[in-house]
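Taken in sequence, the protein lines are chains A and D.
Mapping the first sequence onto my numbering, position 211 (from 1) lands on 384, and the numbers just tick up by one.
Mapping the second sequence onto my numbering, position 228 (from 1) lands on 269, and the numbers just tick up by one.
Backbone N, C-alpha and C define an ideal beta-carbon position, used for all residues, glycine too.
Everything numeric in this text was worked out from a predicted model, so none of it was measured.
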Amino acid sequence: MKPVLEARNIDKYFLDPVRFHVLKDINMKLFSKEFVSIMGKSGCGKSTLLYILSTMDTKYEGELFIDGQNVSSYSKEQLAGIRNQKIGFVFQFHYLLPEFTVIKNVMLPALKLGRESIEEIRAHAYHKLEILGIADMAEKKAFRLSGGQKQRVSIARALINNPKIIMGDEPTGNLDKKNSENVFNILRELSQELDMAMLIVTHDLDFAEKTDRILEMDDGYIL
Amino acid sequence: MRRLYLILEISKTHLLSKKKQTIVAALGVTFGISMFIIMMGFMTGLNDLLDGLVLNRTPHIQIYNKIEASEYQPAVLLDDDRVNFIHSVKPKRRLERVHNAMPIMAELSNDRRVKGVTPQAMCKVFYLAGSNNLNGIINGIEVDEEMRLFNFKDYIVAGDANSIEKKKNSILLGAGIAKKLSLTVGDRLQVSGTAGNTYSLTIGGIFQSGMADVDDVQSFVSLKMAQQILGVGGSYISRIHVKLYNIEDAVPLSKQIEQLYDVKALDIKTANAQFETGSDIRTLISYAVSITLLIVAGFGIYNILNMFIYEKMNDIAILNATGFTGDDVMYIFIMQALIIGMIGGASGIGLGYLVSVFIDGIPFNTEALPTIKTYPINYDPKFYFTAVIFALVSTFLAGYLPARKAQKLDPVDIIRGQ
Ligand SMILES: Nc1ncnc2c1ncn2[C@@H]1O[C@H](COP(=O)(O)OP(=O)(O)OP(=O)(O)O)[C@@H](O)[C@H]1O
Ligand SMILES: [Mg+2]
Chain A
174 MKPVLEARNI
184 DKYFLDPVRF
194 HVLKDINMKL
204 FSKEFVSIMG
214 KSGCGKSTLL
224 YILSTMDTKY
234 EGELFIDGQN
244 VSSYSKEQLA
254 GIRNQKIGFV
264 FQFHYLLPEF
274 TVIKNVMLPA
284 LKLGRESIEE
294 IRAHAYHKLE
304 ILGIADMAEK
314 KAFRLSGGQK
324 QRVSIARALI
334 NNPKIIMGDE
344 PTGNLDKKNS
354 ENVFNILREL
364 SQELDMAMLI
374 VTHDLDFAEK
384 TDRILEMDDG
394 YIL
Chain D
42 MRRLYLILEI
52 SKTHLLSKKK
62 QTIVAALGVT
72 FGISMFIIMM
82 GFMTGLNDLL
92 DGLVLNRTPH
102 IQIYNKIEAS
112 EYQPAVLLDD
122 DRVNFIHSVK
132 PKRRLERVHN
142 AMPIMAELSN
152 DRRVKGVTPQ
162 AMCKVFYLAG
172 SNNLNGIING
182 IEVDEEMRLF
192 NFKDYIVAGD
202 ANSIEKKKNS
212 ILLGAGIAKK
222 LSLTVGDRLQ
232 VSGTAGNTYS
242 LTIGGIFQSG
252 MADVDDVQSF
262 VSLKMAQQIL
272 GVGGSYISRI
282 HVKLYNIEDA
292 VPLSKQIEQL
302 YDVKALDIKT
312 ANAQFETGSD
322 IRTLISYAVS
332 ITLLIVAGFG
342 IYNILNMFIY
352 EKMNDIAILN
362 ATGFTGDDVM
372 YIFIMQALII
382 GMIGGASGIG
392 LGYLVSVFID
402 GIPFNTEALP
412 TIKTYPINYD
422 PKFYFTAVIF
432 ALVSTFLAGY
442 LPARKAQKLD
452 PVDIIRGQ
């Protein structure tokens with residue numbers, strides 16, 4: 174079976190303030206329906222890796238394959254297209270566009286993709302909100318939601334274009350135990366039902382232990 | 042189409058979330074644009090008024106007899122190598138009439154550049170009333186043509202311009218003379234020509250040009266009457282006034298006339314050279330002030346948009362992360378600038394128009410301009426159109442620079458900065 178995400182010999186340096194080798198010869202594969210967590214000490218390079226894998230950061234050496242395509246040499250515009258269609262990203266802090274309604278937030282990536290009519294997109298967005306149990310919030314402005322609710326909206330948004338991979342940088346980082354378990358269960362189910370791969374950075378050992386596989390990072394290496 | 046809708050949708054939401062700043066930015070444009078419209082309307086209104094005052098009445102070409110010393114003196118004909126020094130050369134005495142005036146007028150009337158020609162017979166006179174006698178000039182005119190071509194009627198402030206045509210010994214008296222001699226319409230006055238003969242004329246109307254120099258000496262009678270005062274025949278014409286369809290033809294046509302006939306032809310450009318400069322400077326000032334205001338408004342938009350972008354960093358990062366390109370982000374902010382420009386431009390046009398209408402209604406009475414009752418305003422749609430272009434171009438430029446910055450932002454930097 175072909176991996177949906179593959180990193181080959183990825184190296185990353187920061188040049189400022191001093192030359193600093195953050196990621197060292199990263200090789201990894203991620204398959205469809207797999208739920209993988211990344212763990213490691215603070216500062217070992219987890220976020221940095223995730224930004225590269227999500228195609229937002231292009232300043233690295235090595236090769237990155239997404240859904241079989243070598244995207245290492247893609248232009249910014251092409252990468253934006255890849256992110257739009259194939260990757261859903263869930264941040265720790267950067268949730269939503271605050272002045273937009275919840276449903277608009279979820280709809281935006283699909284509107285950008287532009288494959289369906291606005292009404293279809295609205296229906297799908299509403300359905301995703303239902304899956305996450307926050308459909309009743311649909312018409313509220315995003316900034317009026319609680320942290321847990323926001324996090325669920327951002328998962329709904331990550332799902333809207335039925336991506337191949339969902340990536341999360343500590344998506345449960347500022348949620349309480351109960352909410353965090355909730356989010357975990359949702360992601361778990363989705364990966365099975367919707368044929369998606371999950372790649373989640375976490376500091377929460379309980380969370381990580383329930384995933385299919387843990388990638389341990391230390392000092393820029395995957396162990 | 043879809044992309045435009047999406048960009049518009051995002052821009053709208055952003056602007057609505059910052060109503061106050063949006064309004065302040067738009068107000069800057071509003072003031073710039075309305076100022077432009079008011080200034081242009083008023084300044085060009087004033088220009089047109091002054092043009093009307095002088096240029097409309099001034100013939101485009103005046104034809105009269107040349108009184109110049111001949112360039113060829115008899116001594117030149119002596120065919121030897123001597124150098125001739127001739128001092129105090131004076132022109133030969135000639136009558137002030139235009140030779141062959143009738144054929145010249147007929148020829149000119151047939152030229153398709155010419156709107157009309159009017160003959161003038163000018164005589165120097167004394168106005169006599171009681172024991173006073175005043176120096177003056179009486180022009181014999183064809184009043185119908187003068188009214189058609191030179192708005193003559195505008196300067197008749199009392200009585201009837203046509204009276205001189207209806208009754209031969211009627212006169213349209215200069216307002217200054219009427220005042221000095223305490224005369225009004227219907228009164229009689231004596232006029233004596235240079236030949237010494239005296240005529241009794243009835244005042245059919247009062248003429249006021251607005252220029253005291255003229256109004257104190259100038260009166261009008263019919264062409265026949267003037268010829269009678271001069272004691273000359275019906276073909277005596279001292280000046281021919283030509284009105285053209287296009288004022289630009291004045292210079293070439295006057296040159297042509299001088300070449301063809303033994304006359305002097307003075308074109309309006311030469312006669313009123315200082316006039317255009319005044320108009321041009323007023324227009325220039327209007328543009329300078331308005332553009333300055335728009336530049337200030339542009340800086341306002343630039344600042345506010347920079348602030349917007351700073352505040353919307355997270356939004357930019359999220360949009361980037363979910364698949365929007367840098368160009369999308371740039372267009373979102375340019376769109377915001379343009380929306381501000383359009384709102385400001387539209388209300389600026391409205392405000393400018395309203396203030397213009399208001400100024401147009403303010404009474405403005407002056408001795409010098411008898412036909413003017415209120416301040417002159419020009420409502421040429423050209424200015425409104427230019428104003429819209431100005432508003433859009435200046436807001437686009439003001440929005441473009443910050444938007445370019447937003448386009449180049451690296452989402453990873455923004456996310457890390459949190
Ligand atoms: N822009 C930057 N310039 C220079 N060094 C950086 C920059 N961003 C991150 N670093 C460094 O790179 C290393 C990895 O950072 P990264 O954010 O990937 O760590 P992390 O594993 O996500 O840590 P945490 O668990 O605390 O989020 C850190 O030592 C950090 O100081
Ligand atoms: Mg991190």
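Legend entry - Closest Cα partner of A/S205 within the set A/G393, A/L388, A/A370 and A/D385: Position 32 of the first sequence, counted from the start, is the residue given in the question as residue 205 of chain A. Among A/G393, A/L388, A/A370 and A/D385, the Cα nearest to that of A/S205 belongs to A/A370.
Inset, instruction - Less than 8 Å between the CB atoms is what I'm expecting for D/L222 and D/A170, so what's the real figure, rounded? - result: The residue given as residue 222 of chain D occupies position 181 in the second sequence. The residue given as residue 170 of chain D occupies position 129 in the second sequence. Their Cβ separation, rounded to whole angstroms, is 4 Å, which keeps D/L222 and D/A170 in contact under 8 Å.
Legend entry - beta-carbon A/K197 near ligand 1 non-hydrogen atom, thresh 7 Å: Looking up residue 197 of chain A in the first sequence gives position 24. Not so, every heavy atom of ligand 1 lies at least 7 Å from the Cβ.
Inset, instruction - Flag this pair as yes or no: are the beta carbons of D/F193 and D/I400 separated by less than 8 Å? - result: On the second sequence, position 152 is the one that residue 193 of chain D refers to. On the second sequence, position 359 is the one that residue 400 of chain D refers to. No, these two residues do not count as a Cβ contact at 8 Å.
Legend entry - beta-carbon A/R192 near ligand 1 non-hydrogen atom, thresh 7 Å: The sequence position of residue 192 of chain A within the first sequence is 19, counting from 1. No, Cβ of A/R192 sits at least 7 Å from all heavy atoms of ligand 1.
Legend entry - Every unbroken beta strand (DSSP E) within the region 292–351 of chain D, with a cutoff of 3 residues, ordered by chain: 305–308
Inset, instruction - Check D/S250 in the structure and name its three-state DSSP category. - result: Taking the first residue of the second sequence as position 1, residue 250 of chain D is located at position 209. Reduced to three states, the DSSP call for D/S250 is coil.
Legend entry - A/K214 Cβ short of 7 Å to ligand 2 heavy atom set: For the purposes of this step, residue 214 of chain A is identified with residue 41 of the first sequence, where counting begins at 1. Checking every heavy atom of ligand 2 against the Cβ of A/K214, none is found closer than 7 Å.
Legend entry - Residues, ordered as in the chain, of the region 352–381 of chain D that lie near chain A by beta-carbon distance below 8 Å: From the region 352–381 of chain D, only N355, D356, A358, I359, L360, N361, A362, T363, G364, F365, T366, G367, D368 and D369 have a Cβ closer than 8 Å to chain A.
Inset, instruction - May I ask which residues mark the beginning and end of the beta strand (DSSP E) holding D/N176? - result: Residue numbering aside, residue 176 of chain D sits at position 135 when the second sequence is read from its first letter. Run containing D/N176: N173 to I182, per the beta strand (DSSP E) assignment.
Inset, instruction - Just the C-alpha distance for D/D257 and D/I205, rounded to the nearest angstrom, thanks. - result: Within the second sequence, residue 257 of chain D is the residue found at index 216, counting from 1. Within the second sequence, residue 205 of chain D is the residue found at index 164, counting from 1. Rounded to the nearest whole angstrom, the CA to CA distance from D/D257 to D/I205 is 20 Å.
Inset, instruction - Within its chain, find whatever has a CB closer than 8 Å to the CB of D/S320; leave out the 5 residues flanking it on each side and keep chain order. - result: By 1-based counting over the second sequence, the position of residue 320 of chain D is 279. Closer than 8 Å at Cβ, skipping near neighbours: N88, L91 and D92.
Legend entry - Test: D/S41 CB closer than 8 Å to a CB of chain A: With chain D covering 42 to 459 only, the question about residue 41 of chain D has no answer from this structure.
Inset, instruction - With hydrogens ignored, establish whether the beta-carbon of A/K185 is closer than 7 Å to any heavy atom of ligand 2. - result: Residue numbering aside, residue 185 of chain A sits at position 12 when the first sequence is read from its first letter. Not under cutoff, so the answer is no.
Legend entry - Heavy atom of ligand 1 within 7 Å of D/G386 beta-carbon: On the second sequence, position 345 is the one that residue 386 of chain D refers to. Distances taken from the Cβ of D/G386 to the heavy atoms of ligand 1 include none shorter than 7 Å.
Legend entry - Proximity to D/I430 [Cα-Cα], best of D/E50, D/I78, D/R43 and D/L68: In the second sequence, the residue the question calls residue 430 of chain D occupies position 389. Among D/E50, D/I78, D/R43 and D/L68, the Cα nearest to that of D/I430 is on D/I78.
Inset, instruction - Tell me, please, which residues DSSP counts as bridged to D/G234. - result: As a first step, residue 234 of chain D must be located in the second sequence, where it is residue number 193. In DSSP, D/G234 forms a bridge with D/V166.
Inset, instruction - Please find out if some non-hydrogen atom of ligand 2 comes closer than 7 Å to the beta-carbon of A/S210. - result: Numbered from its first residue, the first sequence carries residue 210 of chain A at position 37. Answer for A/S210: no, Cβ out of range of ligand 2.
Inset, instruction - Please confirm whether D/N344 and D/P452 have their CB atoms less than 8 Å apart. - result: By 1-based counting over the second sequence, the position of residue 344 of chain D is 303. By 1-based counting over the second sequence, the position of residue 452 of chain D is 411. No; because the gap between Cβ atoms is not below 8 Å, this pair is not in contact.
Legend entry - Option in A/A381, A/A329 and A/K314 with minimal Cα separation from A/G346: For this step, residue 346 of chain A is matched to residue 173 along the first sequence. Checking every option, the nearest Cα to that of A/G346 belongs to A/A381.
Legend entry - Beta-bridge partners of A/R386, as assigned by DSSP: Mapped onto the first sequence, residue 386 of chain A falls at position 213. DSSP, once it has assigned bridges, lists A/V209 as partnering A/R386.
Legend entry - Rounded Cβ spacing between D/Y420 and D/S388 (contact assumed at less than 8 Å): For the purposes of this step, residue 420 of chain D is identified with residue 379 of the second sequence, where counting begins at 1. For the purposes of this step, residue 388 of chain D is identified with residue 347 of the second sequence, where counting begins at 1. Actually they do not touch by this definition, with Cβ atoms about 18 Å apart.
Legend entry - Cβ pair D/M377, D/S52 closer than 8 Å: In the second sequence, the residue the question calls residue 377 of chain D occupies position 336. In the second sequence, the residue the question calls residue 52 of chain D occupies position 11. For the record, residue 377 of chain D in the displayed sequence is Gln; it is not Met. Closer than 8 Å, so yes.
Legend entry - Per DSSP, the bridge partner or partners of A/N243: Here residue 243 of chain A refers to the residue found at position 70 of the first sequence. Per DSSP, A/F238.
Legend entry - Residue-chain proximity (A/E250, chain D), Cβ-Cβ < 8 Å: For this step, residue 250 of chain A is matched to residue 77 along the first sequence. It does: the Cβ of A/E250 has a partner Cβ on chain D nearer than 8 Å.
Legend entry - D/S263 - DSSP class collapsed to helix/strand/coil: Position 222 of the second sequence, counting from 1, holds the residue named residue 263 of chain D. Looking at D/S263 - three-state DSSP - the assignment turns out to be strand.
Inset, instruction - Please state if the CB of D/T366 and the CB of A/K249 are separated by a distance shorter than 8 Å. - result: For the purposes of this step, residue 249 of chain A is identified with residue 76 of the first sequence, where counting begins at 1. For the purposes of this step, residue 366 of chain D is identified with residue 325 of the second sequence, where counting begins at 1. Against a cut-off of 8 Å, the Cβ pair of D/T366 and A/K249 comes out as a contact.
Legend entry - Proximal residues of chain A, C-beta to C-beta of D/R43 below 7 Å: Locating residue 43 of chain D in the second sequence gives position 2, where the first residue counts as 1. Ordered by position in chain A, the residues that pass the 7 Å Cβ test against D/R43 are G287.
Legend entry - Candidates A/H376, A/K337, A/D377 and A/G306, of which the one nearest A/Q242 by Cα: Reading the first sequence from its first residue, position 69 is the one you call residue 242 of chain A. Among A/H376, A/K337, A/D377 and A/G306, the Cα nearest to that of A/Q242 belongs to A/K337.
Inset, instruction - Taking all protein chains shown into account, decide if D/G181 is buried (16 or more other Cβ within 10 angstroms of its Cβ) or exposed. - result: Locating residue 181 of chain D in the second sequence gives position 140, counting from the first residue. D/G181 comes out buried.
Inset, instruction - Flag A/D342 as yes when its Cβ comes closer than 7 Å to any non-hydrogen atom of ligand 2, and as no otherwise. - result: Working through the first sequence from its first residue, we reach residue 342 of chain A at position 169. Yes, since a heavy atom of ligand 2 falls inside the 7 Å radius drawn around the Cβ of A/D342.
Inset, instruction - Step through the CB atoms of chain D and report whether any lies within less than 8 Å of the CB of A/L270. - result: Counted from its first residue, the first sequence places residue 270 of chain A at position 97. Taking Cβ atoms only, chain D reaches closer than 8 Å to A/L270, which makes this a yes.
Inset, instruction - In the DSSP assignment, find the alpha helix (DSSP H) that holds D/S435 and state where it starts and stops. - result: Translated into the one-based positions of the second sequence, residue 435 of chain D becomes position 394. Here the alpha helix (DSSP H) through D/S435 covers P422 to K449.
Inset, instruction - Can you give me the start and stop residues for the beta strand (DSSP E) that A/V263 sits inside? - result: The residue you call residue 263 of chain A lines up with position 90 of the first sequence. Where A/V263 is concerned, the enclosing beta strand (DSSP E) stretches over I260 to V263.
Inset, instruction - Using only the heavy atoms of ligand 2, determine whether one of them is closer than 7 Å to the beta carbon of A/S227. - result: Translated into positions along the first sequence, residue 227 of chain A becomes position 54. Checking every heavy atom of ligand 2 against the Cβ of A/S227, none is found closer than 7 Å.
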